[in-house]
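Q:
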Amino acid sequence: MAHLVFDPDEQHALRADARDLALTDPGVAYVLERLAAEGIDLSECTDWEDLRLERGLPARDDTHHAA
């Protein structure tokens, strides 16, 4: 799979958001900073449906919608 990296403007925006959240939500701030610095290795990502099945949740279908 691919490795997703952000262009300089996107990195700047992620870092600005990280600074804004540093005091109120340091965990999210840390993740945003790491995304800006390192990007995302898509081969390490888990599909949402796979996560649902791992947790014992039923597979999604078109009959269940959020209200």
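According to the working numbering, the residues represented by the sequence shown are 374 to 440, in order.
Ideal Cβ positions, reconstructed from N, Cα and C, are used throughout, including at glycine.
Since we're looking at a predicted model, the values are computed, not measured.
Report the CB separation of L415 from L387 in whole angstroms; it is logged as a contact under 8 Å.
A: L415 to L387, Cβ: 17 Å. No contact.
Q: Give the list of continuous alpha helix (DSSP H) stretches no shorter than 4 residues that lie fully inside the stretch 398-425.
A: Complete alpha helix (DSSP H) runs here, min 4: 399-411.
Q: Is the CB-CB distance between A391 and A409 below 9 Å?
A: Cβ distance < 9 Å, so A391 and A409 count as in contact.
Q: Answer yes or no: do L426 and A432 have a C-beta to C-beta separation smaller than 9 Å?
A: Cβ distance < 9 Å, so L426 and A432 count as in contact.
Q: Following the continuous alpha helix (DSSP H) through D382, name the residue where it begins and the one where it ends.
A: P381 to L394 is the extent of the alpha helix (DSSP H) around D382.
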